Each structure stands twice: as structure tokens, then as C-alpha cells.
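So the structure is just underneath, and the comments pick up after that.
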Amino acid sequence: MEPQPGPIPAKMNPREEKVKIITEEFIENDEDADMGRQNKNSKVRRQPRKKQPPTAVPKEMVSEKSHLGNPQEPVQEEPKTRLLSMTVRRGPRSLPPIPSTSRTGFAEFSMRGRMREKLQAARSKAESALLQEIPTPRPRRLRSPSKKELETEFGTEPGKEVERTQQEIDSQSYSRVKFRDSARKIKPKPQVPPGFPSAEEAYNFFTFNFDPEPEGSEEKPKARHRAGTNQEEEEEEEEEPPAQGGGKEMDEEELLNGDDAEDFLLGLDHVADDFVAVRPADYESIHDRLQMEREMLFIPSRQTVPTYKKLPENVQPRFLEDEGLYTGVRPEVARTNQNIMENRLLMQDPERRWFGDDGRILALPNPIKPFPSRPPVLTQEQSIKAELETLYKKAVKYVHSSQHVIRSGDPPGNFQLDIDISGLIFTHHPCFSREHVLAAKLAQLYDQYLARHQRNKAKFLTDKLQALRNAVQTGLDPEKPHQSLDTIQKTINEYKSEIRQTRKFRDAEQEKDRTLLKTIIKVWKEMKSLREFQRFTNTPLKLVLRKEKADQKADEEAYEAEIQAEISELLEEHKEEYAQKMEEYRTSLQQWKAWRKAQRAKKKKRKQAAEEHPGDEIAEPYPEEDLVKPSPPEPTDRAVIEQEVRERAAQSRRRPWEPTLVPELSLAGSVTPNDQCPRAEVSRREDVKKRSVYLKVLFNNKEVSRTVSRPLGADFRVHFGQIFNLQIVNWPESLTLQVYETIGHSSPTLLAEVFLPIPETTVVTGRAPTEEVEFSSNQHVTLDHEGVGSGVPFSFEADGSNQLTLMTSGKVSHSVAWAIGENGIPLIPPLSQQNIGFRSALKKADAISSIGTSGLTDMKKLAKWAAESKLDPNDPNNAPLMQLISVATSGESYVPDFFRLEQLQQEFNFVSDQELNRSKRFRLLHLRSQEVPEFRNYKQVPVYDREIMEKVFQDYEKRLRDRNVIETKEHIDTHRAIVAKYLQQVRESVINRFLIAKQYFLLADMIVEEEVPNISILGLSLFKLAEQKRPLRPRRKGRKKVTAQNLSDGDIKLLVNIVRAYDIPVRKPAVSKFQQPSRSSRMFSEKHAASPSTYSPIHNADYPLSQVLVRPFVEVSFQRTVCHTTTAEGPNPSWNEELELPFRAPNGDYSTASLQSVKDVVFINIFDEVLHDVLEDDRERGSGIHTRIERHWLGCVKIPFSTIYFQARIDGTFKIDIPPVLLGYSKERNMILEWGFDSVRSLSEGSYITLFITIEPQLVPGESIREKMSNMLKKFESQEDEKLLQATEKFQAECALKFPNRQCLTTVIDISGKTVFITRYLKPLNPPQELLNVYPNNLQATAELVARYVSLIPFLPDTVSFGGICDLWSTSDQFLDLLAGDEEEHAVLLCNYFLSLGKKAWLLMGNAIPEGPTAYVLTWEQGRYLIWNPCSGHFYGQFDTFCPLKNVGCLIGPDNIWFNIQRYDSPLRINFDVTRPKLWKSFFSRSLPYPGLCSVQPEELIYQRSDKAAAAELQDRIEKILKEKIMDWRPRHLTRWNRYCTSTLRHFLPLLEKSQGEDVEDDHRAELLKQLGDYRFSGFPLHMPYSEVKPLIDAVYSTGVHNIDVPNVEFALAVYIHPYPKNVLSVWIYVASLIRNR
Amino acid sequence: MATASPSVFLLMVNGQVESAQFPEYDDLYCKYCFVYGQDWAPTAGLEEGISQITSKSQDVRQALVWNFPIDVTFKSTNPYGWPQIVLSVYGPDVFGNDVVRGYGAVHVPFSPGRHKRTIPMFVPESTSKLQKFTSWFMGRRPEYTDPKVVAQGEGREAQLRTPGHLHALPIVPSIHRLCSPGKVSTLVTASCSFACPAPA
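Residue numbers (our numbering), protein chains in the order written: chain D, 205 to 1842; chain L, 16 to 215.
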């Protein structure tokens, strides 16, 4: 509530003192009347007043504002009002107000108190009753302005009402008005003492009783309706006015009275009117009104406005249309309307701006569009249906219209050209007989005659001559002298010359006519004679000459008159000529005379000169030519002229006495039948019969249709009568008919081509005349019969003179016209499409035909043409052209001479390319979508650039940078770094190559669909129906396979079931020094003689019976998750526990490709749990147990995840990789011996563990993809013979058909992606000489050494390196260079070494555990087969049950492949004798002999010596790294290194290497014990090929040596690297923990 | 600071799987799940749900009404990969086997507000008539390996290129045909809000 100081409060106060309450009340009534609409405002206005009456004004102001449309009100008062209103409403409304209730106080300052009184006691029942009556209609309100109170209450109301209304309407809020009014009122009524009723009041008081109650009650419901919810407030408002008005009791009364008065007034209005004097109604006579209207109104006339009015004075209307300009179509407006408008305009706008030059209203061309721009309104549903009705439209060929530049929205569509070929007539044909030739000639002449006759040019010229003569006659008539003589003379001269001309033409024509007639007759005569001569008739032609006798006398007269006229004319001419010649003669004569004179003078001179200089005459070089004296022209002789004329007339004109000859050619004659003709003629006729003719129709040089073949008639006419409708889209370029003739059954020969003119657009079907087009052929035909041939001279004469040579020719009668469409529109391509073939009429309108298509590209030319042809620029037909020209010539814009794709691209680019590239976010998104490995699975790319860390790109950029830089830091050994780089690059290239193929999905990847069961399965399933629902022994069911594309973290688990283990090393007691010597000797004996009888008792004696030999447990670690089993007891423990390890794909990418490239390895470590009594004080033993659990690593099995992934499950017994030296442990062999397992003794050299590993859920390995890839690869390229490749495919298909599960390999892909036949890889290759030198005489030992060497080359599965895409085979030298490869490479190398050692060796492809499909090497030695695992260097006998190889697929030798077709494929059960074809299917056989394929392997492997110094350096570095690592892994403990022990170990490691990790244990132990007697020692050497540091670290970590947290533990670590040739490094790591014994 | 709370925007989806029109089938239930891009992560609500079994209404409409609520909130940094609701409807066949009756997917509406979507449903058809019969007989209709396939682009064109691997059949159509047995209408109210911390 903002206080608004101003004039109003100033006014208010006095008013409050003095104002007559009545006025207030009236105002209130006004308001009441308005309540229905404005109650809110009034409430706002008054509520404040209630509280603080003197200062209420500002709030009134507010209320004013709110009145203007703000319905909100101050909220403070709300509750109160509600309260009030409630009570008020409860009060009986019908009761009349009691005026006496509050009569006590008058003063305004008692107002508040009075208010309270009111609230408490009276509650203004009467007021509320009044309030109900509030809603008097709006007009009522107008009657109660305050002004009326100045006089009588009722009297002058009407007049003031008006004022009041206006005031109110003034957009003033009425409250303000109210104040104003009240202020006004103050003045006139000062004399009335406050508190005393004025006269009016008194009147009101008394009249109060007349208050019409029924009215009020009637109105109540109305009021309620109007007041609506705010009624309460209104009621309350009703209470307020008295408070505002003053403190008198009277106020209330007055108020009530006022209100009543209001109602009263309603009733009394009429009464008031009664006092008004009656006047007659105003009346305007119709005349006056019309008069007035005439002044005011203008009614335009419908009369046509005369043109002169519409034009400026003295201006003739000018009609542009008549001048040939295009004016467009005016919109159609009714004439009357136009007239009205014109009249109006003339009246309104005297300047006549609205009228054009032609005196008509300016009008644009018809603005009405021919089609609605708004879609049709769909009324009902059925109409929708109608809209959706399918409409069949023929497929429309795309119109290629590149050459048409101007296309003013040509309606694309089909146009139709109708070609009617009616027939063909030969004017000459080889088969024509002589008679035919003449007949043709005759017919031709006759046609000519007819044509001439029709035109009758001679007659026309004669008439013209006559007319001209008449004209000359009239021209000479002196009666018409109105033109100057000169002009007459001129015209007459012109006439005369024309007469001369015409006469000449006429004579020529007449002569021609005559000769034609003569020729016709002559030919006819010839023909007749020929017919007589040959005694038969060939043609039915017959010429009849009809004589037409004319009136001889008239004829003669005309003839004579003509001659006379001619003579006179000629005479005249001659005269003129004579006169002219005379003139000439005279001038020349004069010239001559002058010349003579000069000549003479000269002669004289010369004579004189000659006399003076006699020699001069010779010097005269130019003998003066003598001018001949001109002879005067002879005057013409009339007789001569007459004679001439007559002669000519006789020659060219029919003489008057001669009859007019009219030749008539008819075909009435009869042709001699065949039997009467001579042989030659008969054969000719037969020849004719054999011939047939057809026509081809070529449109734009393409054959579109052809007529039927029709035989040639005897009259050499062919009738076709065919109409071809050509549906075309373009303006035709050419239309050609080709005439083909077929003789008998021979192939048709092209006789001639006929070019048809393309019809003009006006020529439509039905109106086209039949035209004849002549054609001729240049072929030469000689016939052996009567036919004259073609192109061959022949003669009619007997002596052969007067030879004629005729070529085959003829006429095609046709008509070409445009078809008319269904709606009567001719189907003609639009003008703009026409480019050629338009002549004359359209030449002007058609730019293309006049300047040629090429001209269209030259804008200037086009513009020039447009200017020349005076195109109407206003014609809309020309609009596009004009626009083009204006654009082209103005030079503002140019027509680009190039075409741009995506021409709007630039507009759509919201930032420049550089800016876009600078955006980190864009770059990130881009790289991610490119599947760059670093970003392939980047999640939640930040919204803003600023949120993207720069380091995100660091790795990627570094990789890009380092692509060619070899990083040696990680890889210590430089060579390996290079190799790693190289591998990386190969991998990238391979991956890129197959990136696309990778994304192919098979149906099976997407849709699970049961395969169609065959009968057996169906039978089984039927059988199953009868099966027990829940059998007691449930069988294992196959698991559902899951494709690895919709998986997420945590979905995949690795299940490792550890079943049992065999032959775990057992503990040895902590031996004391005194036992040592005996032990060593025993050990020695054990080693060689295996005398356990002595061993075991002692052994047993060493242990107290209570102590177990070993307490092993298994710990499985995978992806840094570690699980372990419970602890079992004894060397042959059985756990049978299932461990569950979660699998997490790299980057959360579970796609097949990603899973295939998982490099993680499952480590299965076997530990011994050792309990150590840490009780230091024996006295406490009784009260407590203090033990420490130590775990001692015994060995491990490593299974790569990729193997599990591809195998789906791994089930079997594996050899535990136990270090050659396990300090404190030994193998317990006694048990075996005691049980007498002699046969397996040799096999149980190691410890074994039985495992079952699988992935849950079962993943579908991307095998199919791999197959696809390799299939694709095969297609790539190959240098193999095509035949060989086909044979391999066939071989593989056959094998797959028989044994789909057995591996069959014939071709492989080399490292460059080419397909190579597999045997090319096998070739004897020399092993390093160093190795050969070790055991020069022991072949077996050498073989083992070589195998060990091969196994030392690091293993890197292809599936990992190449993302599971394909298997690439590298040759042995590549393999040795790379120093990495998978089983195949190892096997190939080993096999090659064995071959070079002279062994019989094969590459064995099969399945092994845990590798899966793999390659082994099979050798034949001393009557038994050995199976070598190339990756470990171990070998197994064929019948070794622990051989990891489980299936044998095929054997590959250097020159053949054998596929295992035996029933079994386990190496234990098969025969390896490849010479037996029943067991082994060989690739090369008698049918396909071995073609002698050369090897891809190098001739010789060159080994460079390894750098020992580098190896030593590497050794030191590795040792340092490992030590650091161990310290890192023990962050909470102090790691002490026992140097003494370390040096001991370091000395020992080379020994291990030398003995290949065998048989040194006990010596070593003895030595260690000797040196470190007071230490409890546990440790072991690890041996592995060196590839990188990381596997070494992992291996050390997996042993868990660092886990010992005994406080006084010490560590020892030694590393030894033994270099082999070619940088093959054998790494030994000895880790040990030492605890000092007390 | 920026990395600590990267700017994201939130997409709050609530709605319900209202009803379905499957003129031929009855007693259906439906599953819903969301498929979204790499930049999206659900923050609240259930990403997957399986509804009750509903029967056809008895009136003329024969609607299968679930009124199964969906309420999930995603956060994302990138509109790319806007979430899609994938619906799959299952029901018993003649032999009482649970078979799939329809798959369908629709994007979560892009604009805030109340949206009603009607999703046409389809199921893959058997590759041959014989297979159709056997699958009918055995109650093992062809199904997608994952209903989410319908919301992804991959593997659709693939079937065009690799004409199946079913050697047992003489005729292997190159594409899995789809037949559409009905449609499901869902009502989704989506609201989207940006939560971007001011740069530090």
C-alpha cells in the first residue's frame, strides 16, 4: 500500500466533515449497482477505510488501480472480512433497516466506534437487505450521480445522468468521480449543520417507508448470482459507506434511504418524465434528407465512362495490344462494376492516375491462381478415404534434359507422335520392265501435268498481265491528276517493267505446259510402240487425250489481241530503248568528237615535235587507241517485232485453231496374263512376286517399330496402312524410315532411308495431310530377266543407243502428326524442348532453332537473338528467358561453369572447419566414432570443451607420435621393442583390413531359431514325451549360448572347478646339518637308481605321524581377483570346489572382437599351507595356541582366457608347472611304488591337477567370423596355382563332410595376407650350431635341446595379436625375427629343425588341452612315435595318457597332407602310419601328384650370436625392477634382502640352465643348507622365455612370495639370463624367503 | 572441479505401458528395458521391468491393459544415443509355451511433456515354412537373441549380406521377415533438465 499524497486526501478531509451523507450513499448505491462486476475492487477500496478512515485515501488510490483490472487485493484484511461477511450474511436480509440503532454519534472521529457498534449489534441487517438489492442494472447507476442532489432528488436526474456517464466512461474510475462529486457537493451545502438532516434527508427518511420490499426480494436471487462468491464482501462494503461518510447515525439511515431511493427511483422514473414538456418528434422531410444525403453521399453511376474523360486532354487512347505488345489477360470483372469503379475513381482522383494509356483501369494480369493454394478441407472420414485412393500411374522415365538450358517448368510427361505409313510406291525398281520404266515416266509426267494444271500458273500470269496493263492504262489517264506527274511516271515505269517480267514468266510457263504435254504424248507413243513390239502389256496404264473445242472465233480474237498488245508493248519498249540508245549515242558521239579534236591537236603537236626530234616517235610508248566512231542505233521495225512475237506465240501457245488437249491417264488397260508372255517376262514377274518390303521406323536413330512385311505388287506399290504411336518424352531429333526389301527367304536388304520431317506443333492427328516423301537407293542390281535392274544402263532402242541409267527410287506416303490427349490437348513437347527441325513460322519464337543449341550457352548470343527477334519482354512465356538474359547481360550474377554437390553445405556450417577441429569435444566424439582403441568405449563425453582434460588425448597423441619411434624404456631389450612395434603395425593393418567385415552379423547372431529337427531328433523328442518328468538321475543339459554383444560388466563369470590334484610335492622336515650328508648321497642314489626303499622309511621317520605331509590349497587369480579353495591334506588332495570369478572385459566392451583379444590369464596356483608355531615361550603352550599360517607356493597352471573363450570349457588334468627346485619339498614317490604303478611311473614325473573351467553364461566365440575372415582372405590373393586352390577347397570340403570336427588345414595365410599352401612351410632348416655342438653324439639330447630352444621363443597367440580375426603364419625366419608366435610357428620351426636333424617329422594339427586347436610335432624315433609340444618343449609318447593332445586332425609333411579318416582321433587309439590310405586321406595322390612346390622358407637360417653383455645388463635391470616391485608389494613391511643368499642363488641359476632345470635339486639344497643352515628357507626358481618384463613380474607376483609378513623375514632374489642364438633369452628368477631359525 | 562434477543433463522419464492391441492373442505380459548410448547412464529408477499378465478386456476394444509404470532417470552429456524404450511382449501359445508375441522400440520423447506413443510390434518370422511349422509345433518361435536388438542398427543389413548359416535348408531367405501381430501403446512423461555447474 503505497501512500499517495495528493489532492485527494486534502479534499477528503473537509468532505468528511461536511459532506452530506446522502451523496455518499448515492455513490455507494452506484457502487452497489456495480457490485456484481466490481465487488473485489470496492472491497479493496473500502476495507482499509474501515480501519483508518482519515488516511484511507491512499488505499482508495490503490483501489482505483486495481479497478483497472487487477483483481488482487491486499491480503491483510482478508480474515477479518471473511469473518464479517459471514456474520453479515447470517443477518436477516428482509428486515428493514432500523434507523435508530446508531443515532448517538455524529462526529466523524466516532466513526470507528460506530463501526464496531455496527458490527456487534445492528449488523446492518437492513443494509444487507439493501445489498441484496444492489444489482440494479447498469443504467440505474447512471441515474444516481451526486449532482442530482444539488437540486431535487428526483427531478433533474436524466440530464445529469448523461454527464455522469460520460465522466465514468472517461476511463476514470468511478471512485475518483465519486470524490470529485462529493467535493463539489461540499460547496453548495455548507449551511446545513452537520448532524442535522437536510431536506432531502428528511424526505428520504419519510419516503423510506415506501421502500418497495417485494422488489428487493425479487432482486435478491439476481444479486446473488451476480455477486457470486464475493457477495459477503459486497455486503460488508455496504456497511462501510456510512463509516466513510461520517459518524452520524443518520448516515446509516441516509444510506439505507439512499439505497431505497435508488429503488424508489426505479419506480418513479416515469413520474419524473411526466414533468418534461412534450414536444413533437423531429421530422425531416424526405426531400430534405435526400438533399442532405446528396451532399454527403456519392453514388457512382453505372454508365460507361467515355474514354476522353479518363485520359488527359487531347490524348488519343493508345492500345498497346494493337501495337503488338503483349498485355496479358485482364482479370474478368463485370462491366458494370468496372464502370462503377471508374466513376468512383474519376470522382476521387482527378489526376487519372488509375487509368492507363488505353483509357482503361490499370490492371495486372489475372491474379487468380488456377489451383487452390490451400489443401482441400477434408470434411468427413469417407472423404479421407477418397483422398487416399490409390491412383495408378505408369512409371515415368526420367527425362534427361541436360542440353535444355531453359526450362520454364515444362510439364514432364509423355508425348505422342502418330506416324501413319500408308504405303510405298516404287518409281523405279530393278524389276521394272522397260514398259514399267516408261509407265513410271508417264505417270510422273502426268502427275506433273496434273500439278501444273491445278496451279495453272500460266493462267494466273495471264491475268496478272492483264491487270497490269489495265493499271498502266488507268495510270496514264489524265483525268486523275491529283498526284504529281513524276510519281505517275514512276509507277507507270514500274508497272511496265513488271509487265515485261510477267510476260516473260507467262511465256515460259506456257511453253513448259506445252512441252510437258508434248512429252506426255511422246512417252505414251513410245509406250504404245513398246507394247506392240514386245507383244504384251505389263502395265494397265492408258492415256486418253481429250480434245476440248473452244470457240474458235473468240479464241482467235483473243489470240490476235494478245499478240497485238504484245507487239505494241514491245514497240514501246523498243522505242524507249531506242531513245535511250540515242541518248547514249549522242553522248558517246560527243565524246568521240572531243577526242578527235584532241587527237588532231596532238597529231599536230607530234608532227611538230617529230620534225624537231625525229627520234621521238619511237619514244611514244602509248599509241593512242582510236575511239571508234559510234554508230547511231537503228530504229525498231514493227514488222520485225511482230514477226518475233508471232513466232514465239506459235511456239509456246496453243494456236487458236488447235483444240485444247487434256490428257487423262487411267489404269483401265489390261495386263497380258503370264501364259502369253515370253519367258523373260514371266521370270521377271515371278521375281517381283518373291519380293516383299517392309519399313522400319527410327526415332532418334533408334528403331522403335517396323511395319509388317508386305509383298511387292505387280504395280510396284505396297500398301501398309499402319499407324505407329510413338510415346516420347523429348522433342524428336530425327524421324527416319528405312525401307527394307526381302527377296524370297534371304535376309532383308536396306534399300533406302527416308527422312521424315518432324511435324509442326499445329499438326495434330486427324488434320495431318498425307505426304509423299521420295527416296532413292544407290544400289546396283542387274537381273537376268526382263527387269531393267538398277544403276545399270539400259536402252529402249534396239541398237542400244540412248542409254538410260535408273536408280531404285520410290515414294513413301505417310503422315506424321502429334497425337491428341484425352482432354483434347495435343501431346506435344513444349517449345523449349525443341531444338532442331523447326522452321519458318516458329523460327522467330524459338531461340534454339534460330541460334542453335550451342548458342544457348553463350548468353550474349542469346541476348542478341532476343533483341533481334524483338521478343516481347512482357509476355510471360518469355519471362524465364528474359530473366536469364537480363541476369547474364547485367553481369551482376554469373552463370557458374561448374556444378557443385551439396551447394548449401556452406550455409549449414555453423562454425568454420578450423573451429570445429579445434573443439576438443568434437575431436573426442570423432575419435570415438572412428573406434580408435583409446576411445572406443569412452563413456560420457563431457558437455563442454573446458571439461575435457588435455590428458585424454595424451596417450593417443603419444601413440601417434611414437608410431615410428621405437620406445625402449618399456622394453629394456631394444630388439624386442622393435618387434613389438612391428607386431603392432601388422596388427593395425590387419585390423583395418577387416574392420568392415567384422561388423557382419549372422542370422544366428540376431535371432534364436530352432533348427529344423530331423527325424531322429523328432523321434527322440516324441519319445521324450513318454519320459518321466523328473528322472532320478538328471543328465547334464547343454547350456544356452549367448552372443557376446549385449553383455555388461558382471554378466560373465568364470567358473573354475578344482577337482583334485595328484602328486603334490611334500614337505621335508627342516633338516639339521648332520643329516645332510646322508641325504645328499641318498638323493644321488634316488636320482639314478630310484631306491626309495631306503628313502621312505627315513622320510617317514622325519615326520611325526601327527604331521601331514602337505596341506595344499589352490588359489585362482584372474584379473586381480583371487579366490582360493579350502585346504586339503596330503599329496593327492581332492577339493572338488567351484570358484567363481567375475570377468570384466577391457573397456567394458563385450563385443566378440574385444573378447577375443583379451590377454588375461587364469593363474591356478597351488600352495602349501604351513602352520608355524610362533609361541615363543613354551610355558604358554598349555594356555594358548599361537600359530602363524604361511603359504608356500608349490606350482601353478596358467590358462589364457582366450583358450577358455574359444573352448567354451576346459576339462582335464593338467601338469602343474612346478619349479625345478622347490626348497623344503620333495616328491613323495613311495606311495606310487608301494602301489606298484610301474607302468605309469614314468608318466608321473610331475604333479597334476584336474580342472574344469568354463564361462557362465556360455559365450559364442567368434568362430564364424573367423571363418568368414579366412574365407575372405582366401579370396584376397594368392600366388598358388588356381588348380591347387580348387583342389584344396575340394579336399577340405570332403574332409569337413566326413569329420566336421577334425581340423583340416591345407592353405594358410602368410604375414602379408596371401594364401599359401601349407606344405611350403615345411623344409629342413638348420638349428643353431651352438645347440648341435652340445651333444654331438646324442641325437635324442640334441632334439630335446632344440625343442627347448624353440620353446624359449615367447608365445604370442595370433588370436590375441590379430584381434581374433585370422591366423597368420609367419615363416621361420620371420618367426625368429619377431621372436613371437603361436603354436603353429613354434611347431613349424621345431618340425623343420627335426627334419634337418634327419628325423621323420610331421606337423600335427589337432586339439589339445588347454590350447584348443593347435599344432604339435610328431616324430618317428626308434619304433615309436613321439608327440612334441613345441611351446613347452616337452615330448610325450604316443600312449602317454597325460599327453595334452587329445585329437588328431591331420598330419602335414613337407610334401603332402594326410587327413585322419580313422574312426577315432585320440592319439592313443590311432595309427600314425600315413602310408595306409584307409586310415589317412592324402592330399596329393596318384590323381593329383605332388607338383613340387617350392618352400616359402629361407634356404638357411642365419643365427647371430647373442650379445652376452646386453644379456647381463638386462639381467641386472630385471633384477632391480623385480626387487623394487617386491618392495612395492609390501608397503607395510620392511623388505630386507639377504645378499649372501642372493649371491648363492645367483651362482646356482646357471647350473639350472645347464641342466635344463633337472636333477640339480638336491645338490643345490645341500649347498644352500651348508651355507644358510640357520635359516628356514622357502623359495624356488622360475623359468620362462623372455618377451617382456611384465610377464616376469606377474609370475613373481603370482607366487605370492611377498605375502610373508613374518617380521624378521628376509628375501633373496636372483635373476639369470642365458642368451641363446638369435637373441632368444632364457630367464631364470630365483625368489626365496628366509626366516632365521632361533 | 570440472572433472569432479561434469555437466550433465538429466532426463526423467515416467510413464506407463498402458495397453496393447493384439487381436489374436490373450494373456500377455510385457517386458521393458532401455537402450541408450555411451554417454548415457541411468541414475535412478528401474531400467528394466516385467509386467503382470493381463487378459483381454471383455468389451469391444479387447484391449490388453497393463498400466505398468515406468520411472527412470538418466543423466547424459550428449543427446546422441537418446534412450529408447524396448518393449517385448510374451504370452502363451496354443500349447501353453511362452512365446514372444512382439518386439518394439520407441525413443523416449525428445520434448518434455506428456506423450502417448503407440508402438507397432513385430516378431521375426521363421526362415521357412517347414521351420515355421516345427517352431509352432515345438513352441520355440524365433526370437531375438536380445530384445535390445530392435533398438539397434547393427545386424539388420547384415542379414542381407550373409544369407544364413542353415545348411540344412534348401531355401534360406536372405532376410528375416517380420510379421506384425499388434501394437502397444505407452504413455510417457518425459522431462529434461540441465544441471551444469558453473565453471570454476
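The beta-carbon is built from N, C-alpha and C at its ideal position, and this holds for glycine as well. Only a predicted model underlies this, so the values are computations on that prediction, with no experimental measurement involved.
{"Item": "Beta strand (DSSP E) runs wholly inside the stretch 1781 to 1810 of chain D, at least 3 long, in chain order", "Value": "none"}
{"Item": "Nearest-angstrom beta carbon gap, D:ILE1368 and D:VAL1318 [assumed within contact, 8 Å]", "Value": "6 Å"}
{"Item": "Sequence-distant residues of its chain with Cβ nearer than 7 Å to D:ALA1591 (five each side left out)", "Value": "LEU1607, ALA1619, TYR1620, VAL1621 and PRO1634"}
{"Item": "Whether L:THR92 touches L:MET27 by CB criterion (8 Å)", "Value": "no"}
{"Item": "Spatial distance of D:PHE636 from D:VAL875 (CA atoms)", "Value": "14 Å"}
{"Item": "Euclidean distance between Cα positions of D:ILE1420 and L:LYS147", "Value": "52 Å"}
{"Item": "Contact residues within the stretch 1138 to 1171 of chain D, judged by C-beta distance below 8 Å to chain L", "Value": "ASN1141, TYR1142, LYS1143, GLN1144, VAL1145, PRO1146, VAL1147, TYR1148, ARG1150, GLU1151 and MET1153"}
{"Item": "Contact the stretch 155 to 169 of chain L vs the stretch 101 to 121 of chain L: 3+ CB pairs below 8 Å", "Value": "yes"}
{"Item": "Neighbour list for L:THR58 in chain D, Cβ cutoff strictly below 9 Å", "Value": "The premise fails here: L:THR58 is roughly 12 Å from chain D at the closest Cβ pair, so nothing lies under 9 Å."}
{"Item": "Integer Cβ distance of D:LEU1501 from D:ILE1522, believed to fall under 8 Å", "Value": "That belief does not hold up - the Cβ atoms of D:LEU1501 and D:ILE1522 are roughly 20 Å apart, past 8 Å."}
{"Item": "Any 3 or more C-beta pairs closer than 8 Å across the stretch 1637 to 1649 of chain D and the stretch 1663 to 1672 of chain D", "Value": "yes"}
{"Item": "Exposure label - D:GLY563; buried when at least 16 CB within 10 Å", "Value": "buried"}
{"Item": "is_contact[L:PRO94, chain D] using C-beta, thresh 8 Å", "Value": "no"}
{"Item": "Burial state of D:GLU367, where buried means 16 or more other Cβ atoms lie within 10 Å", "Value": "Summary for D:GLU367: the model assigns pLDDT 45, below 50, so the residue's position carries little reliability; its value from the coordinates is reported in the next sentence. Under this definition D:GLU367 is an exposed residue."}
{"Item": "As assigned by DSSP and simplified to three states, the class of D:LYS1402", "Value": "strand"}
{"Item": "Residue from D:SER1516, D:GLU1587, D:LEU1601 and D:PRO744 whose Cα sits closest to the Cα of D:ASN1542", "Value": "D:LEU1601"}
{"Item": "Three-state secondary structure (DSSP) of D:GLN1916", "Value": "No answer is possible for residue 1916 of chain D: it lies beyond the span of chain D, which begins at 205 and ends at 1842."}
{"Item": "D:ILE1262, DSSP secondary structure in three states", "Value": "strand"}
{"Item": "Those runs of the beta strand (DSSP E) which lie wholly inside the stretch 875 to 904 of chain D and span at least 3 residues", "Value": "895 to 903"}
{"Item": "Endpoints, alpha helix (DSSP H) assigned at D:GLN495", "Value": "490 to 500"}
{"Item": "Member of L:GLY30, L:PHE110, L:GLY96 and L:PRO94 whose CA lies at the smallest distance from the CA of L:TYR47", "Value": "L:GLY30"}
{"Item": "Beta bridge counterpart(s) of D:HIS1751 as assigned by DSSP", "Value": "Looking at the DSSP assignment, D:HIS1751 forms no beta bridge with any residue, so it has no partner."}
{"Item": "Buried versus exposed call for D:ILE490 [16 or more other C-beta atoms within 10 Å across all chains shown]", "Value": "exposed"}
{"Item": "Neighbour list for L:ARG155 in chain D, Cβ cutoff strictly below 9 Å", "Value": "VAL1212, GLU1213 and GLU1214"}
{"Item": "Proximal residues of chain D, C-beta to C-beta of L:TYR159 below 9 Å", "Value": "MET1210, ILE1211 and VAL1212"}
{"Item": "Whole-angstrom distance between D:ARG790 and D:GLN784, CA atom to CA atom", "Value": "10 Å"}
{"Item": "L:TYR47: first and last residue of the uninterrupted beta strand (DSSP E) it sits in", "Value": "44 to 50"}
{"Item": "Proximity test, Cβ basis, 8 Å: L:GLN99 and chain D", "Value": "no"}
{"Item": "Status (buried if at least 16 other CB within 10 Å, exposed otherwise) for D:PRO339", "Value": "Residue placement at D:PRO339 is poorly supported in this model, since its pLDDT is 47, which falls under 50; the coordinates still yield a value, given next. So D:PRO339 ends up on the buried side."}
{"Item": "Chain C contact residues for L:THR133, given Cβ-Cβ distances below 9 Å", "Value": "Among the protein chains in the structure shown, which are D and L, there is no chain C."}
{"Item": "D:ASP624 (DSSP reduced to helix, strand or coil)", "Value": "strand"}
{"Item": "Proximal residues to D:TYR650 (C-beta, below 8 Å), its chain only, five neighbours per side dropped", "Value": "ILE724, LEU747, PRO867 and LEU869"}
{"Item": "Proximity below 8 Å, CB of D:LYS1143 to CB of L:GLN53", "Value": "yes"}
{"Item": "Rounded Cβ spacing between D:PRO1648 and D:ALA1612 (contact assumed at less than 8 Å)", "Value": "5 Å"}
{"Item": "Cβ shell of L:ASN82 (< 8 Å), same chain only, five flanking positions each side left out", "Value": "GLN31, VAL32, GLU33 and SER34"}
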